[in-house]
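So for the sequence shown, numbering that gives the first Met the number 0 puts the first residue at 0; every next one is plus one.
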Amino acid sequence: MSDSPIGWLLLLQLIFISLNALFASAEIAVITMNDNKLAMLTAAGDKRALRLTKLTEQPAVFLSTIQVGITLINLLSSAVATENFSGRLVAWLANLGLQIPKPVLNTISIAVITLILTYFTVLLGELIPKRLAMKKAEQIALGMSGLIYTISKIFQPAVWVFTRSTNGILRLLGVNPNVENEEDTEEEIRMMLDAGTVKGTIQPDEQDMIQNIFEFDDISAGEVMTHRTEVALLWLDETDEQWEQTI
């Protein structure tokens, strides 16, 4: 395959990077999408939201599917690049008249190819797609729900093996993989309120109102009420002078 036209080989690498970008953007979009909006769309019968809900109901399976896909693509990409570009690069370096042993040239060529491939894979296959997915989480997550659902079915046997293996290792480490994640604490909600106020998504008066709800829960009745023995009464049959004395 090392004699294949370089144009086709570059196109194949572009396809690998595009597939990597697809998985990376899908992962971030699904994780970032607003849960309440997804629940509303699901309740309304949106087919895309229904598929997405099935995926997010088992986050470990979903993340395993994404990871299996990305790992498989990267392995294929590295194998194809090393097999087809390494020999060409070694020949080019040898033609320069460098007095370097061929085994060393092979090592150098593999290192150079790996660095170049890593740069484009991280840039085009990871960073840019993930940044876009964060900006347009709902659009990307819903738009790719069908494709992700289909891929999850294809990778289901491999995902099952990895999920079982992961759960087994977690149990050996003393971690129960079936325990639900902890709910957001009051302090975490306050921090989110502060962050939302800084970003401008939550108005200051709205923040104060929500903060007061937490503070109200910490106030006892005795702090806001006056004991009956300390209450002064004004009787209707009393004169104005008596009222003035009481007040």
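Built from N, CA and C at the ideal position, the CB exists for glycine as well. These numbers come from a predicted model, not from an experiment.
| Same chain, Cβ closer than 7 Å to L233, neighbours up to 5 away in sequence not counted | Cβ neighbours of L233 beyond the five flanking positions: W242 and T245.
| task | Grab me the residues of A157's own chain with a C-beta within less than 7 Å of its C-beta, minus the 5 sequence neighbours each way, in chain order. | result | Excluding sequence positions up to five before and after A157, its CB lies within less than 7 Å of the CB of V67, all in the same chain and listed in chain order.
| query | Excluding the five sequence neighbours on either side, which residues of its own chain have a C-beta within less than 8 Å of the C-beta of P176, listed in chain order? | reply | Result list for P176: A59, T165, N166, L169 and R170, in chain order.
| message | Need the endpoints of the alpha helix (DSSP H) that L54 sits in, please. | response | First-last of the alpha helix (DSSP H) with L54: K46 to T55.
| said: Cutting at 7 Å between CB atoms, please list the residues of its own chain near V111, excluding the five before and the five after it. | reply: Once the five neighbours on either side are set aside, the close Cβ partners of V111 are L88.
| request: Keeping to the same chain, check which residues put their C-beta closer than 7 Å to that of F119; ignore five residues upstream and five downstream. | output: I16, listed in sequence order.
| request: Taking only runs that begin and end inside the segment 87 to 138, name each unbroken alpha helix (DSSP H) of 4 or more residues, in chain order. | output: Counting only runs of 4 or more, we get 101 to 121 and 127 to 134.
| query | Closest to K252 by CA distance: which of M133, S85, I115 and Q155 is it? | reply | Past the edges of the chain, shown from 0 to 246, lies residue 252, and the structure says nothing about it.
| Cut-off 7 Å between Cβ atoms - residues of its own chain near L11, not counting five sequence neighbours on either side | Within the same chain, L11 has close Cβ partners V79.
| field | Assumed close pair L92, L104 - CB separation to whole angstroms, cut-off 8 Å | value | At roughly 5 Å, the Cβ-Cβ gap stays under 8 Å, so L92 and L104 are in contact.
| request: Just tell me which of V29, K152, N73 and F154 has its CA closest to the CA of T113. | output: Nearest C-alpha to T113: N73.
| Three-state secondary structure (DSSP) at W252? | Absent from the structure is residue 252, since the part of the chain shown begins at 0 and ends at 246.
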